[in-house]
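Engineer: Its first residue numbered 1, the first sequence is counted upward by one per residue in the working numbering.
All C-beta atoms in this analysis are idealised placements derived from N, C-alpha and C, irrespective of residue type, glycine included.
Keep in mind the model is a prediction, meaning the values are calculated, not measured.
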Amino acid sequence: MDPTVSKKQACFPIRVVMEMTNLTARQIRYYEEQGLIKPARNDGNQRMFSLEDIERFRLIKSYIERGINVAGIKTILATNVRDL
DNA sequence: TTTCTAACA
DNA sequence: TGTTAGGA
Numbered sequence: 001m002d003p004t005v006s007k008k009q010a011c012f013p014i015r016v017v018m019e020m021t022n023l024t025a026r027q028i029r030y031y032e033e034q035g036l037i038k039p040a041r042n043d044g045n046q047r048m049f050s051l052e053d054i055e056r057f058r059l060i061k062s063y064i065e066r067g068i069n070v071a072g073i074k075t076i077l078a079t080n081v082r083d084l
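1) The beta strand (DSSP E) spanning M48 covers which residue range?
2) Quick check on the DSSP output: the alpha helix (DSSP H) that includes N80 runs from which residue to which?
3) Check whether the stretch 48 to 60 touches the stretch 9 to 23, counting contact only when three or more Cβ pairs, one atom from each stretch, lie closer than 8 Å.
4) Can the beta-carbon of V5 be found less than 9 Å from the beta-carbon of Q34?
5) Between the alpha carbons of I76 and R66, how many angstroms are there, rounded?
6) Taking 9 Å as the cut-off, decide whether the C-beta atoms of L36 and I60 are in contact.
7) Please report the straight-line C-alpha distance between L23 and V17, rounded to a whole angstrom.
8) By how many angstroms is the C-alpha of K74 removed from the C-alpha of K38?
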């Protein structure tokens, strides 16, 4: 990246994530609550989702659609990707 | 107007 | 998971 030109990456409000992932706001907040994803927070404690956050939601959604529950997804993500 | 948290059906 | 109350 070029710090002299950009400091902020593309982020979107929950409404955009809802449309891009076809998940409800309830699910988006619940999956975060369960530790499946950790979106950034910007102004008044509102979630700011990056493109990578949306891609992760699509992965989470694919597991849900395959009948895997939140606990199972949490295990899968924990055994494959250990991030911050 | 949109989003947030907590809590109840 | 849906939905609502009450607030920022």
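Structural biologist: This is what the structure gives:
1) Start and end: R47 to S50.
2) Residues V70 to N80.
3) The stretch 48 to 60 is in contact with the stretch 9 to 23.
4) Not a contact, by the Cβ cut-off of 9 Å.
5) One alpha carbon belongs to I76, the other to R66, and they sit about 13 Å apart.
6) At a Cβ-Cβ threshold of 9 Å, L36 and I60 count as neighbours.
7) Approximately 8 Å, taken between the alpha carbons.
8) Taking the straight line from one Cα to the other gives about 12 Å.
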